[in-house]
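Asks: Pasting a structure below so you can have a look.
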Amino acid sequence: MVKIVDARVIVTCPGRNFVTLKLVTDEGVSGVGDATLNGRELAVASYLSDHVVPLLIGRDPARIEDTWQYLYQGAYWRRGPVTMSAIAAVDTALWDIKGKVAGLPVYQLLGGRCRDGVTVYGHANGETLDETLIEVGRFTDLGYRAVRVQTGVPGLEKAYGVSPDKLYYEPADATLPTETTWSTPRYLAHVPKVFARVREEFGPDVRLLHDVHHRLTPIEAARLGKSLEPYDLTWLEDPVRAELQEGFRLIRAHTTTPLAVGEVFNSIWDCADLIREQLIDYVRTTVVHAGGISHLRRIFDLAALHHVRSGSHGATDLSPICMAAALHVDLSIPNFGLQEYMRHTPETDEVFPHGYRFDGGFLHPAETPGLGVDIDEEAASRHPYRPAYLPVARLEDGTMHAW
Ligand code: EZ4
Ligand code: CO
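This is the structure we're talking about:
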């Protein structure tokens with residue numbers, strides 16, 4: 174029997190923090206998995222080094238599902254972002270190894286291609302309306318067919334999703350959380366005007382998306398969805414916090430703007446009701462935060478039965494390993510919707526050499542065996558961990574609010 178003989182947890186900060194698991198077999202085959210949980214990275218690194226690595230040494234790398242069940246059921250303490258990101262890293266690395274052993278790209282092991290390429294969307298953002306329009310144009314010029322539009326709100330100093338680093342937007346920007354201010358009335362009054370102008374300038378073909386980042390109540394979200402209907406959004410993302418999911422019934426009753434949810438979900442149980450009741454249109458769970466390729470497939474298969482498509486999160490805090498893994502899943506499922514794609518910096522790309530490529534609005538995974546991505550451990554060691562937090566938000570009177 175082939176055995177796992179080495180399991181390394183690599184923490185590196187080529188501009189932002191990433192946690193990576195690398196597994197090596199006694200035949201010298203290696204596999205990689207992303208375990209990055211933005212702002213809480215070291216908790217997952219410890220979960221892996223202290224509690225998972227000792228269980229992996231000596232195991233058969235071919236038993237992907239059995240290892241998943243061993244770690245999930247064996248922990249007794251189920252679910253949660255830390256546990257599920259750790260399990261995801263193991264699962265992803267084992268799929269990488271299986272692909273390399275089989276001599277096939279992972280999407281072939283998942284059933285083969287369902288499409289020619291993976292349609293991706295980029296993030297356009299601007300402080301002002303004029304700057305936002307320029308940024309949308311930058312993405313359409315690069316060939317993107319879908320663009321997420323975030324914009325500054327008059328009267329608020331820092332809006333979610335607006336940053337001076339246009340192509341490489343990075344929210345975890347400080348060693349202590351940056352304080353930002355939020356006003357729902359100012360936001361609701363402004364956003365429809367922005368989308369009116371974007372549609373006017375760019376016409377009906379480009380797909381437009383917008384991320385509310387969990388900031389509204391259901392009735393406020395319903396109003397926003399209604400006011401955006403004329404501008405034909407592909408989706409309105411995270412309109413409300415998704416802990417209390419009954420709220421989606423109220424939103425649904427009022428608007429035909431499609432809804433996308435799930436970047437903070439970590440298991441099928443977080444989205445099963447939303448999917449079965451057809452309360453959402455896109456589920457945004459990812460390889461890294463939702464238990465790896467194996468569990469993500471399970472979520473997307475359930476979604477396929479209920480007219481829900483995939484829309485995996487793909488921000489810069491998900492490493493190129495996660496992106497590569499996502500592309501293999503995206504290519505092989507019948508109900509793919511759209512894949513988020515924020516570009517990584519050249520420093521990050523150097524640490525994670527990869528074969529996926531962007532072409533005319535599509536991403537294509539590498540055709541090499543496995544995931545087609547690796548970690549350059551020497552390059553990684555040149556970028557030590559740096560504490561970094563996501564921002565927080567308060568209302569204008571100082572009350573804490575969802576960031
Ligand atoms: O704020 O990934 O849709 N994308 C997002 C992201 C999240 C970050 C948090 O780590 O909402 O930009
Ligand atoms: Co989001």
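Here the sequence shown stands for residues 174 to 576, numbered as in the working numbering. Using N, Cα and C, we set each Cβ at its ideal position, and we do this for glycine too.
Just tell me which of H517, P234, G295 has its CA closest to the CA of G201.
Replies: It is P234 whose Cα lies nearest to the Cα of G201.
Asks: Here's the rule I'm using: 16 or more other beta-carbon atoms within 10 Å means buried, otherwise exposed. How should R457 be labelled?
Replies: By the 10 Å Cβ count, R457 comes out buried.
Asks: Hey, P350 and P542 are a contact pair by Cβ (cut 8 Å); roughly how many whole angstroms apart?
Replies: Their Cβ separation, rounded to whole angstroms, is 42 Å, which puts P350 and P542 out of contact at 8 Å.
Asks: Could you say which of A477, H468, V437, E374 lies nearest to E450 if we only look at CA atoms?
Replies: Minimum Cα distance to E450 is reached at A477.
Asks: Would you check if the region 288–308 and the region 240–259 touch, i.e. whether three or more CB-CB distances between them fall below 8 Å?
Replies: Result no; under three Cβ-Cβ pairs closer than 8 Å.
Asks: For ligand 2, is there a heavy atom less than 7 Å away from the beta-carbon of H363?
Replies: Result no, Cβ not under 7 Å from ligand 2.
Asks: Taking 7 Å as the cut-off, does the CB of E436 come closer than this to any heavy atom belonging to ligand 1?
Replies: E436: yes, Cβ under 7 Å from ligand 1.
Asks: Tell me whether A488, by its Cβ, gets closer than 7 Å to a heavy atom of ligand 1.
Replies: At least one heavy atom of ligand 1 is nearer than 7 Å to the Cβ of A488, so yes.
Asks: Just the Cα atoms here: how many angstroms apart are H556 and V184?
Replies: Rounded to the nearest angstrom, the two C-alpha atoms are 9 Å apart.
Asks: Out of curiosity, what's the CA-to-CA distance linking L193 and G206?
Replies: For clarity, residue 193 is Thr in the given sequence; the question names Leu instead. Each residue's alpha carbon lies about 6 Å from the other.
Asks: Find the nearest neighbour of A218 within the set G231, S203, D411, V255, judged by alpha-carbon distance.
Replies: Nearest of G231, S203, D411, V255 to A218, Cα basis: V255.
Asks: Which residues mark the beginning and the end of the alpha helix (DSSP H) in which T357 is found?
Replies: 357–375 is the span of the alpha helix (DSSP H), which, as asked, contains T357.
Asks: Nearest to Y455 by CA position, among S483, L469, S440, R471, is which residue?
Replies: For Y455, the nearest C-alpha among the options comes from S483.
Asks: Below 8 Å, can you find three or more Cβ-Cβ pairs linking the region 366–375 to the region 514–522?
Replies: In short, these stretches do not touch, since the Cβ pair count stays below three.
Asks: In the DSSP assignment, find the beta strand (DSSP E) that holds Q246 and state where it starts and stops.
Replies: Where Q246 is concerned, there is no enclosing beta strand (DSSP E), although the alpha helix (DSSP H) it sits in stretches over 237–247.
Asks: At a cut-off of 7 Å, would you count P344 as near ligand 1, judging by its Cβ distance to the nearest heavy atom?
Replies: Checking the Cβ of P344 against ligand 1 gives yes.
Asks: When we look at the beta-carbon of T198 and count the other beta-carbons within 10 Å, is it buried (16 or more) or exposed?
Replies: By the 10 Å Cβ count, T198 comes out buried.
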